[in-house]
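Those sequence lines, one after another, are chains A and B. Read the first sequence against our numbering and you will find it ends at 624, with the numbers running on by one and no gaps. Read the second sequence against our numbering and you will find it ends at 842, with the numbers running on by one and no gaps. Here a beta-carbon is modelled for each residue, glycine too, at the ideal position from N, C-alpha and C. As the structure is a computational prediction, the values presented were derived from the model and not from experiment.
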Amino acid sequence: MAERIDLNLKVNGADHSVSVHPFARLLDVLREDLRLTGTKEGCGEGECGACSVLLNGRVVNSCLVPAVQAQGAEVVTVEGLAEGENLSSLQAAFLVHNGAQCGFCTPGMLVSATDLIHRCPNPSDDEIRDGLAGNLCRCTGYAKILDAVHTAAEREAAR
Amino acid sequence: MDHKIVGKNTQRLDAVAKVTGRAMYTDDFFERDMLVGKVLRSPHAHARVTRIDASKAKALPGVVAVLTPADLPKIKFATAGHPWSLDPGHRDVEDRLILTDKARFVGDAIAAVVAEDLLTAEKALHLIEVEYEVLPHVLTAEDAMQEGAPLLHENRPGNIVSSFGVQFGDVEAEFQNAEVIFEGDYETSIVQHCHIESMSAYAFVDSDGRVVVNSSTQIPHIVRRIVAQALGLSWGRVKVIKPYIGGGFGNKQDVVVEPLTAAMSLAAGGRPVRYCMTREEVFIDTRTRHGMKLHLKTALSRDGKLQGIHMQVLSNTGAYASHGHSIAMSAGGKFRPLYDFRAIKYEPKTVYTNLPVAGAMRGYGTPQIFFALESHLDDIARKLELDPIELRRKNLIKLGHQDPLTKNVVRSFGIPECIEKGKELIHWEEKKQAHQGQTGHLRRGLGMACFAYASGTHPVALELAGARIVMNQDGSVTLQVGATEIGQGSDTVFAQITAETLGLPVDMVHVVTTQDTDITPFDSGAYASRQTFVTGIAVRKAALEVRQKVLEVAARRTGLAPAEMDLRDRMIVETSLGRTVCSLGDVAMDSFYDRLLAAPITSDTSANVRINAMSYGATFVEVEVDIQTGRVEVTELWNIHDSGTIINPKLAEGQVHGGVSMSLGAALLEQMLFDPVTGKPLNPNLLDYKLPTVLDTPKINAAFVETFDAAGTFGSKSLGECPTISPAPAVRNAVMDATGVAFHKIPLYPQVVFEKFREAGLLAERSVQHV
Ligand code: FES
Ligand code: FES
């Protein structure tokens with residue numbers, strides 16, 4: 466058995482230190498060590514976006530990030546999008562628009578869209594599509610997801 | 072109808088759980104000391120295992136067990152997710168072993184390892200020594216049927232799994248007397264479901280010695296039976312749990328990983344073992360959609376009255392039967408309640424080849440049949456210079472039509488209105504005008520296609536659904552169903568049906584979304600667009616029983632007769648006066664605590680649904696084709712559906728969006744590719760397999776023509792699979808309208824389209840114009 470490495474990181478605002486296998490992926494640490502199972506694995510090879518999280522404020526596929534690379538980093542997962550029981554405007558818009566069907570792509574979609582709205586207030590339809598191009602969904606044809614992101618972006622812009 | 076809840080946009084019951092990341096899927100559960108399983112797969116398309124030595128793998132520290140075919144019961148089992156048939160002649164094809172010593176496709180499972188962690192398991196796979204005797208293989212249905220072709224399964228001469236067809240009328244006579252005979256060949260490619268959640272399960276033996284399997288499945292009760300059958304256990308010893316599932320689309324209407332996962336746990340002394348497929352494994356060793364080749368020959372009058380059709384279908388089912396024996400047969404029956412033919416001869420052949428296994432996928436073969444038929448009708452219309460819409464209209468069956476073979480009766484028939492509405496919504500006539508005389512390299516065209524579908528499988532298979540409602544002390548109810556929520560929204564629809572019947576707000580209907588075969592009522596699961604229609608009948612029946620019991624308790628309290636009262640908004644009212652007489656809460660408390668008469672209000676019921684309802688619809692689409700690049704872009708699309716009463720419009724739209732995008736993927740982008748020599752899959756990942764991204768997906772518009780079907784709960788009919796049927800042929804027809812070029816095979820990806828345009832002289836024509 467290989468030696469383990471001590472990893473310190475901040476996830477959804479809380480500090481964590483875990484001892485991880487040197488080959489562990491950020492996704493494994495989140496799901497298995499921290500039991501933040503909201504972040505999903507759809508392919509494990511950077512193709513589907515189900516594992517999207519924010520790493521130091523940028524969207525990454527956590528299945529492609531070696532855990533050790535997150536040393537000292539700040540991570541936000543789907544569990545960190547709401548403030549307590551108050552859903553973010555994006556989450557709320559997903560409820561209203563039926564943005565989630567099976568819900569498996571949803572955490573990654575929400576994280577990518579949160580980043581998009583943050584980076585690009587008032588996004589056009591094309592900008593939203595660009596921002597979500599790395600997140601696959603098989604259930605929705607993306608229609609209601611786009612509606613939800615538009616609604617949330619407008620609400621954010623109006624604030 | 073003045074419904075309070077049915078027909079309204081009730082928010083999905085699971086929406087909050089899903090947007091907060093709290094919804095738990097199979098892989099989100101962890102047991103103590105959980106082990107992982109991995110599978111060793113054949114590198115050859117067809118080979119006999121002559122020697123297998125696992126001793127080195129077993130000796131690797133961290134390896135708990137290694138399984139080879141010799142370690143498992145030699146019981147051949149069928150994997151298809153159908154209800155068991157008491158008639159042996161009606162059963163699914165039992166041709167599969169958990170691990171095989173004869174590989175029948177590249178990736179067939181030969182051996183398995185159970186280890187402390189994934190890395191150890193992977194290392195151990197490399198230490199298993201296998202020697203193969205490589206056998207000749209066949210990849211196409213035509214080759215597989217040749218004389219002397221290698222046989223995949225000893226008891227299937229010619230590699231034919233099934234060639235059961237149907238016939239009525241005298242098709243030969245129709246051809247003899249026909250004014251016009253038209254023939255055409257059509258082909259669809261092998262595509263895959265691509266649910267974003269992998270195929271995954273974990274299993275353990277609990278303290279009572281029972282085998283518990285937690286699985287991402289559409290069919291928990293069927294999984295229980297098949298795991299037991301495959302392992303030679305008594306059925307009651309197996310318990311299957313289905314938590315949230317990340318999409319299925321038919322792939323999980325099959326038993327894929329569960330028997331092996333259970334076997335892994337048994338081999339590891341009952342410790343929990345997880346087997347979650349990699350994406351590559353999902354592509355290779357789950358199920359695919361049958362690639363089909365279809366030859367259509369049609370007799371008709373010169374003015375376009377269809378008379379007889381002879382449809383020959385060659386369906387490539389891959390290495391094991393799965394649903395293969397029933398798909399071609401089932402799919403071939405769907406156009407009969409749509410178009411009026413005097414004579415039909417339907418001849419399918421489903422053939423084994425050394426490719427991954429084809430099985431159920433949204434639409435169950437129907438999209439392939441309608442791709443051919445609806446393309447064929449447009450080819451006919453073009454040849455006879457008929458309007459393609461008029462050609463279809465002219466040949467529709469009539470309300471009240473009874474199918475000569477299934478005996479199913481058409482009780483609602485909204486397709487004429489769907490066609491009318493689609494034509495208006497897309498501005499068919501105006502666009503036709505606008506498209507006249509296009510010459511540039513970008514050309515627009517219009518296309519449409521129709522479909523019919525069923526609601527469940529009656530009369531082919533048993534349609535049994537269970538529902539249980541328990542009233543709680545506060546007057547809320549807890550609803551359990553055996554039919555599975557797989558993302559389509561069925562739990563929400565069942566809650567709406569219950570709430571409507573009991574005069575409750577939806578948030579007072581608690582639906583137990585996790586199925587556990589020990590607890591949830593028996594139901595065959597989520598497939599065949601059966602949930603709202605079939606299980607809906609059981610839920611309504613249970614709710615009506617609860618309603619009656621509530622009124623009986625209320626009668627005791629008030630002295631009124633049950634028939635004089637109604638349930639409205641958590642109150643019992645005297646119907647004639649609209650006067651509240653007591654609250655539902657009062658009744659509920661009486662039912663629990665009345666010292667003399669307490670008896671909790673429950674219903675535990677089932678419905679054996681021996682009726683069917685046909686759903687209809689049409690796609691109208693405009694495309695823009697780039698002659699220079701072969702790129703086809705959908706510029707406007709409408710899917711119009713007659714699914715009876717729509718219980719939840721927003722969820723229904725969601726079904727349409729997803730189904731249409733799946734069909735557009737098959738029409739324009741998706742196909743599984745195999746090395747023609749070795750049979751190795753060439754694109755088993757989500758990068759090279761072109762699953763539509765948000766950039767590839769056009770705006771999809773959904774519209775409904777609401778009919779009322781007396782057979783369905785509140786007049787509802789099926790919807791889930793329907794949207795996946797007509798978009799592909801509509802797009803193909805639109806490309807023909809734009810360019811005059813008829814394509815006979817999907818997907819229409821740019822290279823194929825471009826080459827065909829060059830062949831057709833479209834490019835030359837353009838360069839001349841440029842000079
Ligand atoms: S799981 Fe990371 S991109 Fe698919
Ligand atoms: S909601 Fe199922 S994959 Fe997106």
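Neighbourhood of residue i by C-beta distance below 6 angstroms, restricted to the same chain and skipping five residues each side
i, result
"G545 (chain A)", "N477"
"N543 (chain B)", "none"
"L843 (chain B)", "Residue 843 (chain B) lies beyond the range of chain B shown here (72 to 842); nothing can be said about it."
"K612 (chain B)", "T676, A678"
"A613 (chain A)", "A558, F559, H562, G564"
"A602 (chain B)", "Checking the sequence, you will find Gln at residue 602 (chain B) rather than Ala. Contacts found: A554, S561."
"N804 (chain B)", "D449, G518"
"Q566 (chain A)", "C604, T605"
"N587 (chain A)", "A622"
"F785 (chain B)", "V77, T716"
Sequence-distant residues of the same chain with beta carbon closer than 7 angstroms to residue i, five excluded per side
i, result
"A489 (chain A)", "A532"
"C347 (chain B)", "D98, S269, S271"
"Q227 (chain B)", "Looking at the sequence itself, residue 227 (chain B) is Arg, so the reference to Gln does not match. Excluding residues within five positions, the ones whose Cβ falls inside 7 angstroms are Y423."
"V644 (chain B)", "M636, D637, R650, T651, V652"
"S662 (chain B)", "M542, V624, A669, A670, P671, I672"
"G503 (chain A)", "T542, V543, E544, P572"
"S401 (chain B)", "Y435, G436, V531"
Residue i - containing beta strand (DSSP E), residue span
i, result
"E204 (chain B)", "200-205"
"K416 (chain B)", "414-423"
"C489 (chain B)", "Careful: C489 (chain B) lies outside any beta strand (DSSP E), inside the alpha helix (DSSP H) at 486-496."
"I181 (chain B)", "180-186"
"D471 (chain A)", "470-476"
"A479 (chain A)", "479-485"
Beta-carbon contacts of residue i that lie in its chain and below 8 angstroms, excluding the five residues immediately before and after
i, result
"L476 (chain B)", "V237, F239, G404, R407"
"A399 (chain B)", "S233, H361, M363, V384, S386, P419, K420, T421, G436"
"S600 (chain B)", "Y524, A525, S526, G527, S686, S789, L790, G791, E792, C793"
"L210 (chain B)", "A116, T424, N425, L426, F745, P747, G750"
"D713 (chain B)", "S483, F484, G485, I486, E488, C489, S686, Y687, G688, F775, V776, E777, T778, K788"
First through last residue of the alpha helix (DSSP H) which encompasses residue i
i, result
"H562 (chain A)", "554-562"
"G573 (chain A)", "571-584"
"A429 (chain B)", "No alpha helix (DSSP H) contains A429 (chain B), which DSSP labels as neither H nor E."
"R296 (chain B)", "291-302"
"T437 (chain B)", "437-455"
Give me the subset of the segment 323-343 of chain B whose CB atoms are less than 7 angstroms from a CB atom of chain A, sorted by chain position. Listed by position along the chain: nothing, the set is empty.
Contact residues within the segment 268-296 of chain B, judged by C-beta distance below 9 angstroms to chain A: E268, S269
Under 8 angstroms, with one C-beta from each stretch per pair, do the segment 176-191 of chain B and the segment 624-636 of chain B reach the 3-pair mark? no
Fully enclosed by the segment 674-744 of chain B, which beta strand (DSSP E) runs are 3 residues long or longer? 686-697, 702-713, all fully within the segment 674-744 of chain B.
The segment 460-467 of chain B touching the segment 759-775 of chain B, judged by at least three CB pairs closer than 8 angstroms: Touching, no.
Given 8 angstroms, three or more beta-carbon pairs between the segment 131-142 of chain B and the segment 504-517 of chain B: Flag = no, the segment 131-142 of chain B and the segment 504-517 of chain B do not touch.
As an exercise, report each continuous beta strand (DSSP E) stretch of at least 3 residues that is fully enclosed by the segment 631-658 of chain B, in chain order. Whole beta strand (DSSP E) segments, 3+ residues: 636-639, 642-645, 650-654.
Any contact between the segment 267-277 of chain B and the segment 504-514 of chain A? By contact I mean 3 or more CB pairs, one from each, below 8 angstroms. yes
To test your reading of the DSSP string, which unbroken alpha helix (DSSP H) runs of 4 or more residues are found completely within the segment 115-148 of chain B? 126-130
Report yes or no: do the segment 257-267 of chain B and the segment 597-604 of chain A share at least 3 C-beta pairs separated by less than 8 angstroms? yes
Should the segment 312-327 of chain B be regarded as contacting the segment 274-291 of chain B, the criterion being three or more beta carbon pairs within less than 8 angstroms? yes
In the segment 562-593 of chain A, which residues sit with their C-beta less than 7 angstroms from some C-beta in chain B, listed in chain order? N563, A565, Q566, C567, G568, F569, C570, T571, P572, L575
Ignoring anything shorter than 3 residues, give me the beta strand (DSSP E) runs that lie fully in the segment 321-406 of chain B, in order along the chain. Under the rule that a run must span 3 or more residues, the beta strand (DSSP E) segments found entirely inside the segment 321-406 of chain B read 344-347, 362-371, 377-389.
Which of the residues in the segment 82-96 of chain B, read from start to end, lie with their CB under 8 angstroms from any CB of chain A? Q82, R83, D85, A86, V87, A88, K89, V90, T91, G92, R93, A94, M95, Y96
Inspect the CB distances between the segment 188-208 of chain B and the segment 442-461 of chain B and report whether three or more fall short of 8 angstroms. no
Evaluate the contact criterion for the segment 330-346 of chain B versus the segment 612-620 of chain B: three or more CB pairs, one atom per stretch, below 8 angstroms. The segment 330-346 of chain B is not in contact with the segment 612-620 of chain B.
Quick check on the DSSP output: what are the complete alpha helix (DSSP H) runs of length 4 or more inside the segment 216-281 of chain B, in order along the chain? 242-248
Mind pulling the beta strand (DSSP E) runs of 3 or more residues that sit fully within the segment 751-813 of chain B? 772-775
What are the complete alpha helix (DSSP H) segments, minimum 4 residues, inside the segment 584-615 of chain A? 590-596
What are the complete beta strand (DSSP E) segments, minimum 3 residues, inside the segment 560-621 of chain B? Entirely contained in the segment 560-621 of chain B, the beta strand (DSSP E) runs reaching 3 residues are, in chain order, 580-583.
Using a beta-carbon distance cut-off of less than 7 angstroms, what residues from the segment 245-266 of chain B approach chain A? C265, H266
Note down, in chain order, all residues in the segment 553-565 of chain B with a beta-carbon under 8 angstroms from any beta-carbon belonging to chain A. Taking 8 angstroms as the upper bound on Cβ-Cβ separation, chain A lies near residues I557, G558, Q559, G560 of the segment 553-565 of chain B.
In the segment 709-723 of chain B, which residues sit with their C-beta less than 8 angstroms from some C-beta in chain A, listed in chain order? K721, L722
Validate contact between the segment 715-725 of chain B and the segment 693-701 of chain B using beta carbons, cut 8 angstroms, 3 pairs: no
Listed from N- to C-terminal order along the chain, which residues in the segment 509-533 of chain A have their beta-carbon within a distance smaller than 7 angstroms of any beta-carbon of chain B? G509, E510, E512, C513, A515
Given a limit of 8 angstroms on CB to CB distance, which residues of the segment 299-317 of chain B reach chain A? Identification of residues in the segment 299-317 of chain B having a C-beta nearer than 8 angstroms to some C-beta of chain A yields Y315, I316, G317, given in sequence order.
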